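Visitor: Residue 23 is where the sequence shown starts when you use our numbering, and the numbers rise one by one after that.
Think of the CB as a built atom: it goes at the ideal place given N, C-alpha and C, for glycine as much as any other residue.
Here the structure is a predicted model, which means the values were calculated and not measured.
Dumping the structure here so I can ask a few things about it.
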Amino acid sequence: MNKYFATDEHIPYPEGLTTHVELCSLRNSLPHFHKTSLELVYCLRGQVYLVTGEQKVLLKEGYIFSVDANEIHYMSNPADEDNLLLIFHMDLTAHEGCFFDGETVMFTCESTHIYPYQYEAMNHVKDIILALAAASFGGYLDYECRTAEDNLADTLCRYFDWYNYNNQDEYINPDLHDRFYSSFSYCMRHYRNKITASELASREHVNPNYFSQFLTTTVFKSFSSMVKYVRCFRAHHLLLETDLPNYEIAYSVGFSDPKYFYAAYGEWWGCSPKKTRSAADAHVRNCLADKKSIDVIDDTNALKTIESYISQWHMRKILFP
């Protein structure tokens, strides 16, 4: 274990339920990931700087952001301002009917990227997690809340998975949706091997030219970009979980030459592998030096706070629709 080690953080789900909620103020959090859980970070007050995978986001008051399963992330509050975060986790393995497939299905439920047709769905997501938070802090989150959990899962799958990223209306072609995730899943499983567009087209029983054109309509824009992303995603874990030199990481995730890894990583992550490690190193040092990085609010006070926020939230929706 090295100083960059990103832990697979265990989520203590209540028995029979698939969600876990925590209200906290935060200055720093160590790099970590959740192997089979989706995390929604909802900023109720102030702001927080969130680094998740290839994205670096300033999450402001009223904003929400999804962190995918198995995605390394950490947060900081550089200005040391007062903030309040609702951290919501959902166990993806419990919702098989919603196209969940571990780390393969990814989401973009984020206030920083939203189309008009998603506005109502975004408010619905916030309504559900606030209600489940109140139920949790009030001590009455039980199996009867499972309907709300399933409703949240359905909404996320219908409106906020990665296939929706470039989709600017509510209609989703199920065949194209399945083709996208089938191809993406194959790359996630076989990233160490040589993968070709023709191979994937054959697996999907379509013409290679049509398949390449199809990928231009997705978040990846091209076949080569999708493969690069998958390999860089795997490399990101190795960068923050091991001491392997960059050239070894490049070969281990399927790049034929380290220079291609460095170029692809810069394309997707916006920085070099070396900078990713140095940034994590600096962040970990700050966390270890800070004795009160995260202040979790006890259930009694959390319930009062959430109930007050829910009242204000619904008032704003009515007065300023």
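Excluding five sequence neighbours on each side, which residues of the same chain lie with their C-beta closer than 7 Å to the C-beta of V382?
Guide: The question about residue 382 has no answer, for the chain in this structure spans 23 to 343.
Visitor: Please confirm whether R370 and D102 have their CB atoms less than 8 Å apart.
Guide: The structure shown does not extend to residue 370, since the chain spans only 23 to 343, so no value can be given for it.
Visitor: Quick one: Cα of W184 to Cα of G161, how far?
Guide: In a straight line, the C-alpha of W184 is about 34 Å away from that of G161.
Visitor: Considering only their Cβ atoms, is the gap separating L266 from R299 smaller than 8 Å?
Guide: Not a contact, by the Cβ cut-off of 8 Å.
Visitor: Apply the 10 Å Cβ neighbour rule to I340 and answer buried if 16 or more other Cβ atoms are within range, or exposed otherwise.
Guide: Exposed.
Visitor: Can at least three beta-carbon pairs, one atom from the stretch 163 to 180 and one from the stretch 141 to 152, be found at a separation below 8 Å?
Guide: Enough Cβ pairs lie closer than 8 Å, so yes.
Visitor: Starting from S88, trace the beta strand (DSSP E) in both directions and tell me its first and last residue.
Guide: It spans 86 to 89 - the beta strand (DSSP E) in which S88 sits, taken as one unbroken run.
Visitor: Could you tell me the alpha carbon to alpha carbon distance between F121 and S204, rounded to whole angstroms?
Guide: Confidence at F121 is low in this model, with a pLDDT of 48, below 50, so the placement of that residue is unreliable and no value is reported for it.
Visitor: In angstroms, rounded to a whole number, what distance separates the CA positions of N188 and C254?
Guide: Going by the C-alpha atoms only, they are around 22 Å apart.
Visitor: From the DSSP output, in three-state form, read off D317 for me.
Guide: It is a strand residue.
Visitor: Grab me the residues of N145's own chain with a C-beta within less than 8 Å of its C-beta, minus the 5 sequence neighbours each way, in chain order.
Guide: Cβ within range, chain order: K339.
Visitor: Here's the rule: buried if 16 or more other CB atoms are within 10 angstroms of the residue's CB, otherwise exposed. What is N92?
Guide: So N92 counts as buried.
Visitor: Starting from the Cα of A324, find the closest Cα among H135, A156, A272 and give me that residue.
Guide: Out of H135, A156, A272, A156 has the C-alpha closest to the C-alpha of A324.
Visitor: Could you tell me which residues DSSP puts in a beta bridge with M97?
Guide: For M97, which the question treats as bridged, DSSP gives the partners L72.
Visitor: Decide if D200 is buried, meaning its Cβ has at least 16 other Cβ atoms within 10 Å, or exposed.
Guide: Exposed, since its Cβ has fewer than 16 Cβ neighbours within 10 Å.
Visitor: Considering Cα atoms alone, identify which of D30, S51, R211 is closest to A304.
Guide: Here the closest residue by C-alpha is S51.
Visitor: Under the rule that 16 or more other beta-carbon atoms within 10 Å means buried, what is A302, buried or exposed?
Guide: Label assigned to A302: buried.
Visitor: Could you check what DSSP says for K82 in three-state terms: helix, strand or coil?
Guide: DSSP places K82 in strand when its eight states are reduced to three.
Visitor: With a 10 Å radius around its C-beta and 16 neighbouring C-beta atoms as the bar for buried, classify M337 as buried or exposed.
Guide: With fewer than 16 other Cβ atoms within 10 Å, it is exposed.
Visitor: Around the Cβ of Y193, are there at least 16 other Cβ atoms within 10 angstroms (buried) or fewer (exposed)?
Guide: That one is exposed.
Visitor: Tell me whether the beta-carbon of C131 lies closer than 8 Å to the beta-carbon of L80.
Guide: In this structure, L80 does not lie closer than 8 Å to C131 by Cβ.
Visitor: So, helix, strand or coil for S47, using DSSP?
Guide: Of the three classes helix, strand and coil, the one that applies to S47 here is strand, per DSSP.
Visitor: Quick check on DSSP: helix, strand or coil for F159?
Guide: Looking at F159 - three-state DSSP - the assignment turns out to be helix.
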